[in-house]
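Numbering (the numbering used here), first residue to last: 199 to 527.
In what follows, a single structure is set out as structure tokens and then discussed.
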């Protein structure tokens, strides 16, 4: 794959560079039980700010602050050691804290300083650290982007809109440390252009671009004898590869923005056919029913429309099917 093909796998990074923020996913499959520890409590009223600091135990360094007016009636908030859930391509870098009452929401977000494990969180920054917020009633996991990281105090600060369990994760300093991946699944292609570009996508490689806070994560499914094993990499690593030029290939970038987005190139006999769609607000080329489930490592497409772009135009494609990726080590 030559330099022009590098840009295919990286196109979504620049295309959606303006998009940022948290994302949601379903619950994961592996849960680590919480360590033993006493529950601590904090009485909060609507007309006064309140805070709680934990000085000892697994949650030592945790600070939870509720601004005045954040709750509508008096409530007793509890915090105890919680359980973590594995999230693909990220390392757990600190203890989990479970807050109650479960489901409590704040009209103004509360502030949470979570402790980081210095043996796991190497050189933590707001670009590498995220906090997972799991709703223990449903198992749904939300990603919170930090507003600050104190490497000296080994804490990460986030705004918490609601409860139940929080824990910090990180990409770490070495992107490949999260493991290698394989891809599977089939997406059928329908529409008049299928006669040109083919009727199915069956990926044999997978790459995850973890891009920090300024650019959303990108899941790239490739149909080609890609010269490296599918793995968690960064744009610099991909751009530096000396790859062969393929006459036929497919690069499908699934972008983790609100609602999801696709940036895809199908190369047939050396001719590139480009397609895009996005469900970002105001888009005139919406994808439709596109679901990215990070915890399940699955992308589902039901009647998703990919619109032609670039120099070689065809009619839109309709995509149906499921693509998955699996961590191999």
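For every residue, glycine included, the Cβ atom is placed at its ideal position computed from N, Cα and C.
> In chain order, what residues of the same chain lie with their CB nearer than 6 Å to the CB of residue 261, ignoring the 5 residues before and after it?
Replying inline: Shown here for residue 261: same chain residues with a beta carbon closer than 6 Å to its own, the five before and five after excluded, namely 251, 311 in chain order.
> Quick one: Cα of residue 268 to Cα of residue 509, how far?
Replying inline: So the alpha carbons of these two residues sit roughly 53 Å apart.
> Between residue 387 and the rest of its own chain, which residues show a CB-CB distance below 8 Å, the 5 nearest in sequence each way excluded?
Replying inline: 395, 396, 397, 398, 399, 515, 516, 517
> Per DSSP, residue 485 forms a beta bridge with which residues?
Replying inline: According to DSSP, residue 485 bridges with nothing at all.
> Roughly how many angstroms separate the alpha carbons of residue 198 and residue 263, rounded to a whole number?
Replying inline: Absent from the structure is residue 198, since the part of the chain shown begins at 199 and ends at 527.
>> Tell me the rounded alpha-carbon separation between residue 548 and residue 419.
In response: Since the displayed the chain opens at 199 and closes at 527, residue 548 lies outside it and no answer follows.
> Grouping DSSP H, G and I as helix and E and B as strand, with all else coil, what is residue 392?
Replying inline: helix
> Hey, which unbroken runs of the beta strand (DSSP E) at 3 residues or more fall wholly within the region 250-275?
Replying inline: 261-264
> Which word fits residue 272, buried or exposed, when buried means at least 16 other C-beta atoms lie within 10 angstroms of its C-beta?
Replying inline: exposed
>> Suppose the cutoff is 8 Å on Cβ atoms and the five residues either side in sequence are ignored; what does the same chain contact list for residue 401 look like?
In response: 381, 382, 383, 419, 420, 421, 448, 450, 521
>> Determine whether the beta carbon atoms of residue 519 and residue 347 lie at a separation below 9 Å.
In response: no
> In terms of DSSP beta bridges, what is residue 297 paired with?
Replying inline: 277
> From this set, 506, 459, 452, 466, which residue's C-alpha is nearest residue 523's C-alpha?
Replying inline: 452
> Short check: CB of residue 364 to CB of residue 295, under 9 Å?
Replying inline: yes
> Within the 9 Å Cβ cut-off, does residue 453 reach chain C?
Replying inline: Here chain C cannot be found, since the structure has a single protein chain.
> Going by C-alpha distance, which of 456, 243, 492, 329 is nearest residue 475?
Replying inline: 456
>> For a test of the three-state rule: what should DSSP assign to residue 361, helix, strand or coil?
In response: coil
> From what residue to what residue does the beta strand (DSSP E) around residue 476 run?
Replying inline: 469-476
>> Just to confirm the assignment, what range does the beta strand (DSSP E) spanning residue 464 have?
In response: 459-466
>> Assuming residue 357 and residue 307 are in contact, meaning their beta carbons sit under 8 Å apart, how far apart are those beta carbons, in whole angstroms?
In response: Between residue 357 and residue 307, the beta carbon gap of about 4 Å places them in contact (Cβ cut-off 8 Å).
> According to DSSP, what are the bridge partners of residue 313?
Replying inline: 353
> Buried or exposed: which applies to residue 299, given that a residue is buried once 16 or more other Cβ atoms fall within 10 Å of its Cβ?
Replying inline: exposed
> Beta carbon of residue 279, beta carbon of residue 258: below 9 Å?
Replying inline: Inclusion of residue 279 and residue 258 in the CB contact set at 9 Å is not warranted, their separation being larger than that value.
> Is residue 332 closer than 9 Å to residue 345 when the C-beta atoms are compared?
Replying inline: no
>> On the DSSP letters alone, give me the boundaries of the beta strand (DSSP E) that residue 328 sits inside.
In response: 327-332 is the extent of the beta strand (DSSP E) around residue 328.
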